[in-house]
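Each remark here refers to the structure printed beneath this line.
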């Protein structure tokens, strides 16, 4: 019966109920979208690194975090040295430059070596570099920047011709010749990282030990380990940023639910008096408010999940390079956070309702 | 001799409005026997509603002795008074006080839900509904019921947990003459059939004369 009362209370004020549900929904959407965007970008970067086809990556000792962009401090001579190791099939180096405005990178590659290691890029249009100022871009970047083969794109105040458009999924979205990037950025003879492919991938741990002995202090990982580091907790500041967004989202949900339930309690003062005259205990009254809030939160979670799919669609339509990955485990976490925030918001109105004097409440007009 | 179901001696109740003390009851003494229909008649401000609220456990007395069905209200906590309202007393108000979002049946059902009353006598309850003449109005919400129908639903709700005492505060105050008489008929009839003690507050001496076994008059917080 009390559930019937809760449901009828929500239906009695549909606009207030709708606004509360939407507010919780926005809270859920905010959490799922920010987390999904972070995870999506990391998963995409991880997937593209796996697409290189290497077994080991060597990065400079000065790289702060495993996930940080390598400065070009590795000697190019190391490529030959690694390639000459008996258990190594091949090695190739790259340089990377971050396009901060677009959250993507330009990679300088030795295209022949990179193609041999990765199995080659799959060209959807055009072909590999023919000139020093040629670029190969992936389909996502081409769509994002509306570029076609033969058109120009500007990098470091230089015009690069789009030589080819490839399927996404291998290392980078923008490739330019390694030597061109080294020349333009003053990195001649230097590399950001070196990828190593082994004759037998089972020997990866042994080769890593050998390389660590050879280059103490360098960041040397198996590709499996390296790609596993693409997580929110390994990016400096990202988990803090996400916590701040979650905090803001919870605050929005908390305030809206608190305001909504507070006005509901004020409006239902007389009804609370009636319930008390019938013998409703303080816990019974609190239970009604809490159940009502829980139902609002559940509806809000459902709406928020739907909204987050909408947000995913809009973001990926407008910004194809951004990947929003909506993980189901985060539906649960975001739901838990929203329910917690809503319950906190309902607590004061619930206690206030429970403590109302029945005579004063019955006299309320 | 049967013990009194309501036994009040030297009851005082003082309200505090800011720094002002407002004495509402000034030494009320009253006893009521089980099954008795008592009417309390008096003008506005005479203290009859305050007496009603104290007997119903809605507010504690300031001083004095109040025993309801053997329970001493002065010793009772807020939770104890809440439990008393669930099973021992049933209220009928002037303004009906039905929950507007629930149907008549649900308004009656929620009283049972609050009391945790799952073993009520269905047959007896159906008889009451039949006596009240609201059998075909149970699935309507209050806004779709006339004043008389709403008050009869409120009476059914008050009786839902078979309380020993029915407290009616100006039950005909918001009704026209025909509906007032119908409600008085029902209250008198139910008192005779169910044998529960009924206290009715009214300012209408004719209504009191019609229903009550005994009438007490109140003025200025005292029984006169």
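Residue numbers (the numbering used here), protein chains in the order written: chain Y, 1069 to 1433; chain V, 1131 to 1354. Where is the CB? At the ideal position from N, CA and C, for every residue including glycine.
Asked	Found
Can you have a look at residue 1206 of chain Y and say buried or exposed, based on whether 16 or more other CB atoms are within 10 angstroms of its CB?	buried
Is the Cβ of residue 1070 of chain Y closer than 8 angstroms to any Cβ of chain V?	yes
Is the CB-CB distance between residue 1155 of chain Y and residue 1275 of chain Y below 8 angstroms?	yes
Check the Cβ-Cβ distances between residue 1076 of chain Y and every residue of chain V, and say whether any is below 8 angstroms.	yes
What are the residues that DSSP puts in a beta bridge with residue 1258 of chain Y?	Y:1143
Between the stretch 1344-1367 of chain Y and chain V, which residues of the former have CB atoms less than 7 angstroms from a CB of the latter, in chain order?	1345, 1346, 1347, 1348, 1349, 1352
Can you tell which of V:1246, V:1144, V:1245, V:1280 has its C-alpha closest to the C-alpha of residue 1259 of chain V?	V:1280
Suppose you measure from the CA of residue 1319 of chain Y to the CA of residue 1330 of chain Y; what does that come to, to the nearest Å?	16 angstroms
For residue 1222 of chain Y, does the three-state DSSP call read helix, strand or coil?	strand
How would you list, in chain order, the residues of chain Y whose beta-carbon sits under 9 angstroms from the beta-carbon of residue 1215 of chain V?	1344, 1345, 1346, 1347, 1348, 1426
Alpha helix (DSSP H) containing residue 1302 of chain V: first to last residue?	Neither: residue 1302 of chain V is in no alpha helix (DSSP H) and is coded neither H nor E.
Which first and last residues belong to the beta strand (DSSP E) in which residue 1442 of chain Y is found?	Residue 1442 of chain Y is absent from the structure shown; chain Y starts at 1069 and stops at 1433.
Measure from the C-beta of residue 1086 of chain Y to each C-beta in chain V and report whether the shortest distance is under 8 angstroms.	no
From which residue to which residue does the beta strand (DSSP E) around residue 1354 of chain V run?	Unbroken run through residue 1354 of chain V: none, as it is neither H nor E.
For residue 1209 of chain V, go through chain Y and note every residue whose CB falls closer than 9 angstroms to its CB, in chain order.	1349, 1350
Can you list the residues of chain Y that residue 1239 of chain V reaches, using a CB-CB cut of under 9 angstroms?	1069, 1072
Work out the CA separation of residue 1246 of chain Y and residue 1174 of chain Y for me, nearest whole Å.	10 angstroms
Need the endpoints of the alpha helix (DSSP H) that residue 1153 of chain Y sits in, please.	No alpha helix (DSSP H) contains residue 1153 of chain Y, which DSSP labels as neither H nor E.
Of all the options Y:1390, Y:1423, Y:1314, which has the alpha carbon lying nearest to the alpha carbon of residue 1408 of chain Y?	Y:1314
Inspect the beta-carbon positions of residue 1244 of chain V and residue 1352 of chain Y and report whether they are closer than 8 angstroms.	yes
Near residue 1219 of chain V, what residues of its chain come up, given a Cβ to Cβ distance below 8 angstroms and the 5 sequence neighbours on each side ignored?	1185, 1186, 1187, 1198, 1293, 1294, 1295, 1296, 1297
Would residue 1179 of chain V be called buried (16 or more neighbouring beta carbons within 10 Å of its own) or exposed?	buried
Determine the contact status of residue 1265 of chain Y and residue 1157 of chain Y, defining contact as a CB-CB distance below 8 angstroms.	yes
Hey, quick one: how far does the beta strand (DSSP E) through residue 1157 of chain V stretch, first residue to last?	1150-1162
Between the stretch 1378-1394 of chain Y and the stretch 1095-1103 of chain Y, can you find at least three pairs of beta-carbon atoms closer than 8 angstroms?	yes
Pick helix, strand or coil for residue 1189 of chain V, following the three-state DSSP scheme.	coil
Is the shortest distance between the beta-carbon of residue 1236 of chain V and the beta-carbons of chain Y less than 8 angstroms?	yes
If we cut at 8 angstroms on Cβ distances, does residue 1335 of chain Y have a partner in chain V?	no
Count the C-beta pairs between the stretch 1079-1098 of chain Y and the stretch 1295-1306 of chain Y that are closer than 8 angstroms, then say yes if the count reaches three, no if not.	no
Looking at C-beta atoms only, is the number of pairs between the stretch 1347-1367 of chain Y and the stretch 1165-1172 of chain Y that lie closer than 8 angstroms three or more?	no
Nearest chain V C-beta to residue 1327 of chain Y closer than 8 angstroms, yes or no?	no
I need the boundaries of the beta strand (DSSP E) containing residue 1221 of chain V, first residue and last residue.	1219-1222
In the DSSP assignment, what are the bridge partners of residue 1349 of chain V?	V:1352
So what's residue 1428 of chain Y in DSSP terms, helix, strand or just coil?	helix
Can you confirm whether the stretch 1201-1215 of chain Y touches the stretch 1227-1234 of chain Y when touching is taken to mean that 3 or more C-beta pairs between the two stretches lie within less than 8 angstroms?	yes
Can you find the residues in the same chain that come closer than 7 angstroms, C-beta to C-beta, to residue 1115 of chain Y, ignoring five residues on each side of it along the sequence?	1237
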